[in-house]
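**Student:**
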Amino acid sequence: MNDESWYRQDLALMYYSKAVKELSTLLATVSRHENHNALLMSVILLYLHGCLGWGTANDIPRHVSAATRIVTLRLLNRPESMPRLFDRLAIESVVYQTFLVTTGLWSDRSELSYDFNPDFWDGAEKLLERSVLFPGNPRALNSPVLGVPLSLFRLVLLLRQCYRVGFSLDLTTLQQLRNEVSSWEEQLLYDEDFRPRFDDQERLSHRETCLRDEIYLYVTLSSLLLEQISRGEMSAGLPLPVPENNWQIQMAVQVLENHQNDEVWAKCYLGDWPIYSLGLFMSSTEHKQLVRLELQRRWECTKTAMVTRFERDLEAIWAARDGTEVVSAPSPLHNAS
Numbered sequence: 007m008n009d010e011s012w013y014r015q016d017l018a019l020m021y022y023s024k025a026v027k028e029l030s031t032l033l034a035t036v037s038r039h040e041n042h043n044a045l046l047m048s049v050i051l052l053y054l055h056g057c058l059g060w061g062t063a064n065d066i067p068r069h070v071s072a073a074t075r076i077v078t079l080r081l082l083n084r085p086e087s088m089p090r091l092f093d094r095l096a097i098e099s100v101v102y103q104t105f106l107v108t109t110g111l112w113s114d115r116s117e118l119s120y121d122f123n124p125d126f127w128d129g130a131e132k133l134l135e136r137s138v139l140f141p142g143n144p145r146a147l148n149s150p151v152l153g154v155p156l157s158l159f160r161l162v163l164l165l166r167q168c169y170r171v172g173f174s175l176d177l178t179t180l181q182q183l184r185n186e187v188s189s190w191e192e193q194l195l196y197d198e199d200f201r202p203r204f205d206d207q208e209r210l211s212h213r214e215t216c217l218r219d220e221i222y223l224y225v226t227l228s229s230l231l232l233e234q235i236s237r238g239e240m241s242a243g244l245p246l247p248v249p250e251n252n253w254q255i256q257m258a259v260q261v262l263e264n265h266q267n268d269e270v271w272a273k274c275y276l277g278d279w280p281i282y283s284l285g286l287f288m289s290s291t292e293h294k295q296l297v298r299l300e301l302q303r304r305w306e307c308t309k310t311a312m313v314t315r316f317e318r319d320l321e322a323i324w325a326a327r328d329g330t331e332v333v334s335a336p337s338p339l340h341n342a343s
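For the sequence shown, counting from 1, position 337 maps to 343 in this note's numbering; every step adds exactly one.
(1) The ligand GDP and Asn251: does any heavy atom of the ligand fall closer than 7 Å to the residue's C-beta?
(2) Using the rule of at least 16 other Cβ atoms within 10 Å of the residue's Cβ for burial, across every protein chain shown, is Thr108 buried or exposed?
(3) If we ignore side chains and look at the alpha-carbon of each, how far apart do Ile97 and Ala44 end up?
(4) What is the DSSP secondary structure of Gln167, counted as helix, strand or coil?
(5) Just the C-alpha distance for Asp219 and Val154, rounded to the nearest angstrom, thanks.
(6) Quick check on Glu220: does DSSP put it in helix, strand or coil?
(7) Given Val151, which residues of its chain have a CB within under 7 Å of its CB, disregarding the five upstream and five downstream residues?
(8) Considering only their Cβ atoms, is the gap separating Trp112 from Leu299 smaller than 8 Å?
(9) Could you name the residues of the same chain whose beta carbon sits closer than 7 Å to that of Glu250, not counting the 5 residues immediately before and after it, in chain order?
(10) Among Leu231, Gln260, Leu262, Met257, which residue has its Cα nearest to the Cα of Pro247?
(11) Give the straight-line distance between the Cα atoms of Cys57 and Arg115, rounded to the nearest whole angstrom.
(12) With DSSP run on the structure shown, which of helix, strand or coil describes Leu130?
(13) What did DSSP end up calling Phe287 once you bin it into helix, strand or coil?
(14) Which same chain residues end up closer than 7 Å to Asp93 when comparing Cβ atoms and leaving out the 5 residues on each side of it in sequence?
(15) Is Leu246 helix, strand or coil when you go by DSSP?
(16) Just curious, the alpha helix (DSSP H) that Gln193 is in, first and last residue?
(17) Do you know how far the Cα of Ile281 is from the Cα of Val49?
(18) Over the uninterrupted alpha helix (DSSP H) stretch that includes Glu98, give me the two end residues.
(19) Can you find the residues in the same chain that come closer than 6 Å, C-beta to C-beta, to Ser283, ignoring five residues on each side of it along the sequence?
(20) Quick check on this structure: which residue in Pro141, Leu156, Gln254 has the alpha carbon closest to the alpha carbon of Leu194?
(21) Report the rounded CA-to-CA distance for Leu46 versus Arg160, giving the unit in angstroms.
(22) Under a three-way DSSP split, which group does Leu139 fall into?
(23) Could you check if Asn267 is buried or exposed, using at least 16 other CB atoms within 10 Å of its CB as the buried criterion?
(24) Among the residues of its own chain, which have a CB less than 7 Å from the CB of Leu156, if the five just before and after it don't count?
(25) Pop quiz: Thr74 and Asn143 are said to be a contact at Cβ under 8 Å. What is the actual Cβ separation, rounded to whole angstroms?
(26) Give me the Cα-Cα distance between Lys166 and Phe316, rounded to the nearest whole angstrom.
(27) On the criterion of 16 or more Cβ atoms from any shown chain inside 10 Å, does Pro89 qualify as buried, or is it exposed?
(28) Taking the alpha-carbon positions, what's the Arg84 to Phe126 distance?
(29) Among residues of its own chain, excluding the 5 on either side of Asp319, which ones have a beta-carbon nearer than 7 Å to its beta-carbon?
(30) Ala258 and Leu223 look like a contact to me (Cβ under 8 Å); what is the Cβ gap, rounded to whole Å?
(31) Along the chain, where does the alpha helix (DSSP H) that runs through Gln256 open and close?
(32) Relative to the C-alpha of Leu54, which candidate in Met312, Leu183, Gly277 has its C-alpha closest?
(33) How close, in whole Å, do the beta carbons of Asp128 and Ser71 come, if the pair is a contact with beta carbons under 8 Å?
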């Protein structure tokens, strides 16, 4: 979908349009087909088309809503049900896409257009917590899509929403978020089991190392977001740059530097959004360049349009702050919509 052949792009869009029409007919009777794996997988492939390719990104929210309906009927409305491997993969996929469409691009400061369903999120989180497919095995095996704890996604999502127009938190909820962030910070900084030394890789597989470092990025991001929210600095709609010697920045920079020549890391999609978001907090030219090169390398390794959208948005925000032209070296498809 992301090569330079626009003929193939048009062909992909033609099949996409045909699939949308046929699935719309089936979804009208979803209560009779919710147990059909092919129906759910087809909807998942439709929103993945918007993430991976060009031209259908605006359709992602409605496909996620359709997948949410199917998963709710299939699993969440049946308390006794225990997800099979495909079910778990599907739930995690839908939850992750819900996270992406809800967090969105930082330049979009309007109220959320996607109808976020907190009941679905809570139900999915509880279901995933009580269903372990391979007891005693690493999170990387039991969580095929997410890897990162769902509670951490929820925390970052709520903190991100504080920057949107019309969104506000009551004091009780804000204190709960402070307690959660503090707990994650303590684990990150003081728990040796949670935070093994960066040069000690013997206990972890490469995949586990990548997941661990992605958790570091989400925790440092949540910490930075909460600090600015607590100071009332989110009214501008964007996180503000912080000093380069800030401990969260140093932690994020250390993670990125340790993976500079790591192609497996560059293909780990869970890191895309926090790396893009952490770029907004970078104040030094060196650190901005580190984030810029990381996003460009991720594009080169995956050819995923979502990475390019993040990179373009970050470059535009940096340019607006600096009063300069966008300095990103675009890929051949960066000008595609």
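C-beta atoms are modelled at their ideal positions from N, C-alpha and C, and glycine is treated no differently. Note that the structure is predicted; figures quoted are calculated from it, not measured.
**Tutor:** In this structure, then:
(1) With respect to small molecules bound, the structure shown includes none, and the ligand GDP cannot be examined in it.
(2) One-based indexing of the sequence shown puts residue 108 at position 102. That one is buried.
(3) Here residue 97 is taken as the residue at index 91 of the sequence shown, counted from 1. Here residue 44 is taken as the residue at index 38 of the sequence shown, counted from 1. Between Ile97 and Ala44, the C-alpha separation is close to 15 Å.
(4) Locating residue 167 in the sequence shown gives position 161, where the first residue counts as 1. In the structure shown, Gln167 sits in a helix (DSSP, three-state: H, G or I).
(5) The count along the sequence shown starts at 1 and reaches residue 219 at position 213. The count along the sequence shown starts at 1 and reaches residue 154 at position 148. Near 10 Å, if we compare the C-alpha coordinates of Val154 and Asp219.
(6) What you label residue 220 is simply residue 214 of the sequence shown in a count that begins at 1. Glu220: helix per DSSP, three-state reduction.
(7) Sequence index remark: in the sequence shown, residue 151 carries index 145 (1-based). Cβ neighbours of Val151 beyond the five flanking positions: Leu95, Glu98, Ser99, Tyr102.
(8) Here residue 299 refers to the residue found at position 293 of the sequence shown. Here residue 112 refers to the residue found at position 106 of the sequence shown. The answer is no: Cβ separation not under 8 Å.
(9) Looking up residue 250 in the sequence shown gives position 244. The answer, listed in chain order, is Ser289, Ser290, His293.
(10) Working through the sequence shown from its first residue, we reach residue 247 at position 241. Considering only alpha carbons, the answer is Leu231.
(11) As a position in the sequence shown, residue 57 is number 51, starting the count at 1. As a position in the sequence shown, residue 115 is number 109, starting the count at 1. Taking the straight line from one Cα to the other gives about 21 Å.
(12) If you number the sequence shown from 1, residue 130 lands on position 124. Reading the sequence as shown, one finds Ala at residue 130 and not Leu. Helix at Ala130.
(13) Within the sequence shown, residue 287 is the residue found at index 281, counting from 1. Coil.
(14) Along the sequence shown, one-based indexing puts residue 93 at 87. For Asp93, where only same-chain residues beyond five positions count, the Cβ hits under 7 Å are Leu81.
(15) The residue you call residue 246 lines up with position 240 of the sequence shown. Coil at Leu246, not helix or strand.
(16) Within the sequence shown, the letter at position 187 stands for residue 193. That run of the alpha helix (DSSP H) goes 177-196.
(17) By 1-based counting over the sequence shown, the position of residue 49 is 43. By 1-based counting over the sequence shown, the position of residue 281 is 275. Near 28 Å, if we compare the C-alpha coordinates of Ile281 and Val49.
(18) As a working mapping, residue 98 is identified with position 92 in the sequence shown. It spans 91-109 - the alpha helix (DSSP H) in which Glu98 sits, taken as one unbroken run.
(19) Against the sequence shown, residue 283 aligns to sequence position 277. So the list reads Leu227, once near-sequence residues are dropped.
(20) As a position in the sequence shown, residue 194 is number 188, starting the count at 1. Selected option, being the one with the closest Cα: Gln254.
(21) Taking the sequence shown and counting its residues from 1, one reaches residue 46 at position 40. Taking the sequence shown and counting its residues from 1, one reaches residue 160 at position 154. Cα-Cα distance, rounded: 23 Å.
(22) Counting from 1 along the sequence shown, the entry for residue 139 is found at position 133. The answer is coil: DSSP assigns Leu139 none of H, G, I, E or B.
(23) Working through the sequence shown from its first residue, we reach residue 267 at position 261. Looking at its Cβ environment, which holds fewer than 16 other Cβ atoms inside 10 Å, Asn267 is exposed.
(24) Translated into the one-based positions of the sequence shown, residue 156 becomes position 150. Within the same chain, Leu156 has close Cβ partners Val101, Glu131, Leu134.
(25) On the sequence shown, residue 74 is found 68 positions in, with the first residue counted as 1. On the sequence shown, residue 143 is found 137 positions in, with the first residue counted as 1. Thr74 to Asn143, Cβ: 28 Å. No contact.
(26) If you number the sequence shown from 1, residue 166 lands on position 160. If you number the sequence shown from 1, residue 316 lands on position 310. Note that residue 166 is Arg in the sequence shown here, rather than Lys. Cα to Cα, the separation comes out at about 15 Å.
(27) Working through the sequence shown from its first residue, we reach residue 89 at position 83. The residue in question, Pro89, is buried, as its Cβ has 16 or more Cβ neighbours within 10 Å.
(28) Walking along the sequence shown from the start, residue 84 turns up at place 78. Walking along the sequence shown from the start, residue 126 turns up at place 120. If I take the Cα positions, the gap works out to 13 Å.
(29) For the purposes of this step, residue 319 is identified with residue 313 of the sequence shown, where counting begins at 1. For Asp319, where only same-chain residues beyond five positions count, the Cβ hits under 7 Å are Leu111, Trp112, Ser113.
(30) Within the sequence shown, residue 258 is the residue found at index 252, counting from 1. Within the sequence shown, residue 223 is the residue found at index 217, counting from 1. Their Cβ separation, rounded to whole angstroms, is 6 Å, which keeps Ala258 and Leu223 in contact under 8 Å.
(31) The sequence position of residue 256 within the sequence shown is 250, counting from 1. Its alpha helix (DSSP H) spans residues 253-264.
(32) Translated into the one-based positions of the sequence shown, residue 54 becomes position 48. Among Met312, Leu183, Gly277, the Cα nearest to that of Leu54 is on Met312.
(33) By one-based count along the sequence shown, residue 128 stands at place 122. By one-based count along the sequence shown, residue 71 stands at place 65. Contact flag wrong, Cβ pair sits at about 17 Å.
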